[in-house]
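In the working numbering, each number is its position in the sequence shown, counted from 1, plus 1.
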Amino acid sequence: MKEISSFCKRIALGGLLQGYFHNLRGTVQGISLELQILLMKKEICETPEVYEKVNKAFSLLQKLQNQIDTAFDDIYNEKTGPWDLKEIVEKEILFWEAFLPFKHKVKKEIIEEEKAFIEIPYNLLKGLFCNLCQELFLNFKENTTLKIFIKKDKKIEFFWDKEINSSVYENIKKLAQIFKELANIKVVDKGFLSLQF
């Protein structure tokens, strides 16, 4: 019952985030409009330093708007591909590097032994990777080496060299049951996980 509650919370959180992103988009658009109005005022343009700062803030808001738009596109993208597995893994690594300990303290290597493409709805694929990577990447210890192999038969293997909490393995085994219609997930204590589509 406890594990079902945990995964229900995660699903509910996804729905909640959609609402937050929607509201955040409106706020960003409002701030952008105000900055555009400021940039059109003659007195602002006469002060190069202030003009530069306002223009930089506007650029940062535009970048944030693009990130929000990308998140929305991912949530609602039901296209089935084909998706290049290496590209998907690279994007996932890049996404999780927002968590600085993973970015700076985990050595990562992706080895593509064979080009592999899969056909799965994109939002489900992202959901699968998001759940798996949340369990793994947020629990790696400092100076962990992570190797990810893209293999034939649409298979990905993850190897890491530092022990992680045993509860992570149990959580991934539960995820394997939830996602069994999408992929075959096998996790072994001592740093190995395979994912076959």
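No residue lacks a Cβ here, since even glycine has one placed at the ideal position from N, Cα and C.
{"Item": "Counted within 10 angstroms of its Cβ, other Cβ atoms place F193 as buried (16 or more) or exposed", "Value": "exposed"}
{"Item": "Beta-ladder partner(s) of S195, from DSSP", "Value": "E158 and K187"}
{"Item": "Pair within 8 angstroms by beta-carbon distance, L137 and F159", "Value": "yes"}
{"Item": "Length of the line joining the Cα atoms of N75 and A117", "Value": "Correcting the residue identity first, residue 75 is Asp in this sequence and not Asn. Each residue's alpha carbon lies about 21 angstroms from the other."}
{"Item": "Residue environment, L95, which counts as buried when at least 16 other CB atoms sit within 10 Å", "Value": "exposed"}
{"Item": "Where the alpha helix (DSSP H) containing E53 begins and where it ends", "Value": "P49 to Y77"}
{"Item": "Cβ pair I165, N140 closer than 8 angstroms", "Value": "yes"}
{"Item": "Start and end residues, beta strand (DSSP E) containing I173", "Value": "Segment S167 to I179 is the alpha helix (DSSP H) holding I173; no beta strand (DSSP E) there."}
{"Item": "Proximity below 8 angstroms, CB of Y123 to CB of W84", "Value": "yes"}
{"Item": "Spatial distance of E53 from N67 (CA atoms)", "Value": "21 angstroms"}
{"Item": "Outcome for K108 when other beta-carbon atoms lying within 10 angstroms are tallied against a minimum of 16", "Value": "exposed"}
{"Item": "Close beta carbons around E113, own chain, < 7 angstroms, minus the five adjacent residues each side", "Value": "K87 and I151"}
{"Item": "Environment of A184 [buried if 16+ CB atoms lie within 10 Å]", "Value": "buried"}
{"Item": "Between the CA atoms of E93 and C131 - distance to the nearest angstrom", "Value": "8 angstroms"}
{"Item": "Cβ neighbours of T71 in the same chain (closer than 7 angstroms, five flanking residues each side left out)", "Value": "none"}
{"Item": "Collapsed DSSP secondary structure at T28 in the structure displayed", "Value": "helix"}
{"Item": "Selected residue, minimal CA-CA separation from G128, among E171, L34 and I89", "Value": "I89"}
{"Item": "Through-space distance from Q135 to K175, alpha-carbon basis", "Value": "14 angstroms"}
{"Item": "Collapsed DSSP secondary structure at E113 in the structure displayed", "Value": "strand"}
{"Item": "Span of the beta strand (DSSP E), counted from its first residue to its last, around I94", "Value": "Looking at the DSSP string, I94 is not in any beta strand (DSSP E); the run it does join, the alpha helix (DSSP H), is L86 to W97."}
{"Item": "L36 and L62 closer than 8 angstroms at C-beta", "Value": "yes"}
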